[in-house]
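Undergrad:
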Amino acid sequence: MKIRKGDKVRVMRGEDRGKEGSVIKVYPKTERVLIEGVNVIKKHAKPSQANPDGGILEYEAPINASNVMLIAKKEPTRVGYKIVTESDKKKSVTKKVRVAKKTGEVLD
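Here the sequence shown stands for residues 2 to 109, numbered as in this note's numbering.
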């Protein structure tokens, strides 16, 4: 997946379109992401030992990763990959890094 935990993203499709937040958790098998303050749902809970009062709880639900875009320099952008070689005095190391398609900026 091209989106990682801690990335700042903007929702491009759905009920929460236009909202921005940081990624809390990524679910790569189902291609879903959990974003802070986005897709908040309410759940009615009975009183239990963990929650003695019960009541209505609010929490974020995951949304599909295809509905969000990464934000780089306050602008939503697609993400690509690039192979970068870094040479030290003794050896050269190749890395695969994420790159913003609009600006060409390295994200990692």
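Note that the Cβ used here is the ideal one computed from N, Cα and C, for glycine as well.
All values derive from a computational prediction rather than experimental measurement.
Let me know if ASP89 comes out buried or exposed under the rule of 16 or more other beta-carbons within 10 Å of its beta-carbon.
TA: Walking along the sequence shown from the start, residue 89 turns up at place 88. When all chains shown are included, ASP89 counts as exposed.
Undergrad: Under the rule that 16 or more other beta-carbon atoms within 10 Å means buried, what is ARG11, buried or exposed?
TA: Start at 1 with the first residue of the sequence shown, and residue 11 comes out as number 10. Buried, by the Cβ-count rule.
Undergrad: Write down the C-beta distance between LYS20 and VAL39 rounded to the nearest angstrom, noting that I regard them as a contact closer than 8 Å.
TA: Counted from its first residue, the sequence shown places residue 20 at position 19. Counted from its first residue, the sequence shown places residue 39 at position 38. About 5 Å separates the two Cβ atoms, so the contact holds.
Undergrad: If you count every other CB in all the chains shown that lies within 10 Å of the CB of LEU71, and 16 or more means buried, which is it?
TA: As a first step, residue 71 must be located in the sequence shown, where it is residue number 70. Per the 10 Å Cβ criterion, buried.
Undergrad: On the DSSP letters alone, give me the boundaries of the beta strand (DSSP E) that PRO77 sits inside.
TA: Within the sequence shown, residue 77 is the residue found at index 76, counting from 1. Taken as a continuous stretch (DSSP letters only), the beta strand (DSSP E) holding PRO77 covers 76-78.
Undergrad: Give every residue of the same chain whose Cβ lies closer than 6 Å to the Cβ of VAL85, excluding the five residues on either side of it in the sequence, and list them in chain order.
TA: As a first step, residue 85 is located in the sequence shown; it is residue number 84 there, counting from the start. So the list reads LYS96 and VAL98, once near-sequence residues are dropped.
Undergrad: Would LYS47 pass as a contact of GLY55 if the rule is Cβ separation under 8 Å?
TA: In the sequence shown, residue 47 corresponds to position 46, counting from 1. In the sequence shown, residue 55 corresponds to position 54, counting from 1. Result yes, Cβ atoms of LYS47 and GLY55 sit closer than 8 Å.
Undergrad: Under three-state DSSP, which class holds SER67?
TA: Residue numbering aside, residue 67 sits at position 66 when the sequence shown is read from its first letter. Correct three-state label for SER67: helix.
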